[in-house]
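Residue numbers (the working numbering): 461 to 750.
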């Protein structure tokens, strides 16, 4: 049963619980990114009142209630006509229909990712990446393409990440990662045995780690210091045309991380870009047309 439906069916709520219910109902899109302390302040209630309401709704606590809010937002998006993430078009569809479906899929995937991400987690991840002496990225297949795209953007911040699996010697690279570095894992299913082994090794050596995944269940069991979950309605097996939705969502999350990092020193970064552009257009690296 969806969160809003559970809220509507309860008639035995206290005055405090009614205020929390009203806020949840009218600000559903804000709930996935809010903390229990913030919600308590906004509703003039308390941490314990929110937890009691969550348990009255048959959730284990506020965290599970937030996941339910995210699911409710997703269902709203689907009800507005979102396409199937696994098969976004049919063999008889026209080019116009395929183009529209792919546009709808892109929009839905981004909206769903936005509803799921926690602003505090994004800020923490951005700071971890900025504070690190070196960055190492782990990602395979489509996820490595996302890692390369993120790597390319960070060059504009004078940051040059290392793709740990570029030459298929990730374990050798891992032994040379230190606690002053930071490691980003990108894996939708997060079910790669080598990653679990590497994360355990890095945790033992006090290396900061971030996992970007679409697997909600992995959050409680993995060894990453920070886990960002962006789940889409994609099958984990091969029964889909492509990984469109998950990769769109990952690109959105990584673009947002880059933007947060850029914003930490916006003026300095913008000035640096302009100086670089000037050198390329007028300096010794400028190539005049023959």
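Cβ atoms here follow ideal geometry from the backbone N, Cα and C, with glycine treated the same way.
{"query": "Length of the line joining the Cα atoms of residue 685 and residue 669", "result": "5 Å"}
{"query": "Proximity of residue 678 and residue 713 at Cβ, strictly below 8 Å", "result": "no"}
{"query": "For residue 595, the three-state DSSP class (helix, strand or coil)", "result": "strand"}
{"query": "Residue 480 vs residue 513 beta-carbon contact at 8 Å", "result": "yes"}
{"query": "Residue interval of the alpha helix (DSSP H) (run including residue 488)", "result": "Here residue 488 belongs to no alpha helix (DSSP H), and DSSP marks it neither H nor E."}
{"query": "Within the stretch 613-684, ranges of the beta strand (DSSP E) (whole runs, at least 3 residues)", "result": "642-646 and 669-673"}
{"query": "With 16 other Cβ atoms within 10 Å as the buried cut-off, status of residue 551", "result": "exposed"}
{"query": "Residue 739 to residue 690 span [Cα, whole Å]", "result": "40 Å"}
{"query": "Per DSSP, cross-strand counterpart(s) of residue 686", "result": "670"}
{"query": "Which listed residue (490, 601, 559 and 745) has its alpha carbon closest to that of residue 703", "result": "601"}
{"query": "Backbone CA spacing between residue 540 and residue 620 [nearest angstrom]", "result": "Bear in mind that the predicted position of residue 540 carries a pLDDT of just 47, short of 50, making it unreliable; the figure below should be weighed with that in mind. One C-alpha to the other measures close to 41 Å."}
{"query": "Residue 551 (DSSP reduced to helix, strand or coil)", "result": "coil"}
{"query": "Through-space distance from residue 486 to residue 510, alpha-carbon basis", "result": "16 Å"}
{"query": "Whole-angstrom C-beta distance between residue 660 and residue 592, which should lie under 8 Å", "result": "So it is not a contact: roughly 20 Å between Cβ atoms."}
{"query": "Rounded separation between residue 656 and residue 519 - CA only", "result": "29 Å"}
{"query": "Residue range of the unbroken alpha helix (DSSP H) whose run includes residue 724", "result": "Unbroken run through residue 724: none, as it is neither H nor E."}
{"query": "Where the alpha helix (DSSP H) through residue 545 begins and ends", "result": "Unbroken run through residue 545: none, as it is neither H nor E."}
{"query": "Member of 555, 488, 557 and 667 whose CA lies at the smallest distance from the CA of residue 638", "result": "667"}
{"query": "Counted within 10 angstroms of its Cβ, other Cβ atoms place residue 497 as buried (16 or more) or exposed", "result": "exposed"}
{"query": "Local conformation of residue 465 per DSSP, three classes", "result": "helix"}
{"query": "Buried versus exposed call for residue 648 [16 or more other C-beta atoms within 10 Å across all chains shown]", "result": "buried"}
{"query": "Rounded straight-line distance, which links the Cα of residue 554 to that of residue 723", "result": "42 Å"}
{"query": "Contact belief for residue 558 with residue 549 at Cβ below 8 Å, rounded distance in angstroms", "result": "5 Å"}
{"query": "Nonlocal neighbours in the same chain, by C-beta distance under 7 Å from residue 506, ignoring five residues either side", "result": "500"}
{"query": "Range of the contiguous alpha helix (DSSP H) that encloses residue 495", "result": "That residue, residue 495, is in no alpha helix (DSSP H); it is neither H nor E in DSSP."}
{"query": "Whole-angstrom distance between residue 650 and residue 629, CA atom to CA atom", "result": "19 Å"}
{"query": "Identity of the residue in 563, 616, 694 and 484 nearest residue 726 by Cα", "result": "616"}
{"query": "Proximity of residue 646 and residue 672 at Cβ, strictly below 8 Å", "result": "yes"}
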